[in-house]
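Down below is the structure, laid out as C-alpha cells.
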Amino acid sequence: MIFKKKDKEDKSVNESHLKNLMVLAMADGHLAEIEEHLLVAIAHRLGLSEENVAAIKGDLENVKFVLPKKYDDRIEQFSDLLTLMAIDGNIDPEEEEVCREFASKYGLMDNVIEEMISKYR
C-alpha cells in the first residue's frame, strides 16, 4: 500500500511539473515546435504518456501545483524550466518572469536562482 501512495504522489508531482512547463512554454504567446518536442521528452522521462500530456494540456486549470518534497527535485524542475525557456534561442522576458515565479514557489534562494539563470543567457 505504501508503494501505491508514493506512486500516486509522484504522478501528481510529475503532472504538476508538466503543467508548469506548459504554462512557461505558452508564456510568450506561442508554442514553438522544439518546445513541444522537449515537453514530450520530459513527459516520457517522468513516466507520463502522450495521453497524459494531452489531458494536462486540455485542462491546465485543474492540475494543481504540487511542490516536490526534496530540494534536489525542485532544482531539477527549475532546471527543466530554464532549459525550456532557452531552447528556442530566444529568452523572452515573460518566460524569464514565469521561471522566477516558479523558483519562488520552489523556495529557491535568490543567489541560486540568479546563478542558474545566468547559465542560460
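Numbering (this note's numbering), first residue to last: 82 to 202. The C-beta atom is built at its ideal place from N, Cα and C for all residues, glycine as well.
Residue from the options whose Cα sits closest to the Cα of residue i
i	options	result
A184	S93, L105 and I137	L105
I137	R126, D191, N101 and K151	N101
F146	R202, R126, I123 and M103	M103
L129	S93, K200, E177 and E175	S93
A108	R126, M166 and D153	M166
D191	I172, L148, F159 and N171	F159
D153	G188, E142 and K200	G188
G139	R126, E178, K150 and L99	L99
T164	K150, K200 and R126	K200
E157	P174, I123 and G170	I123
Near the ligand ZN: residue i beta-carbon under 7 Å from a heavy atom
i	result
L163	Absent from the structure shown: the ligand ZN. Ligands present: none.
Reduced DSSP secondary structure (H/G/I, E/B, other) of residue i
i	result
M197	helix
M190	coil
I172	coil
G110	coil
F84	Unreliable placement is indicated for F84, whose pLDDT of 38 sits below 50; the coordinate value is still reported in the next sentence. Correct three-state label for F84: helix.
K92	helix
R181	helix
H98	helix
V203	Nothing can be reported for residue 203, as the shown portion of the chain is limited to 82 through 202.
Distance between beta carbons of residue j and residue i, contact taken as under 8 Å
i	j	result
E121	E131	According to the sequence displayed, residue 121 carries Val and not Glu. The Cβ separation is near 7 Å, so the contact holds.
C180	I198	7 Å
S97	V134	Not confirmed; about 13 Å, so no contact.
L148	K186	7 Å
First through last residue of the alpha helix (DSSP H) which encompasses residue i
i	result
R155	Y152 to A167
L120	E114 to R126
E132	E131 to G139
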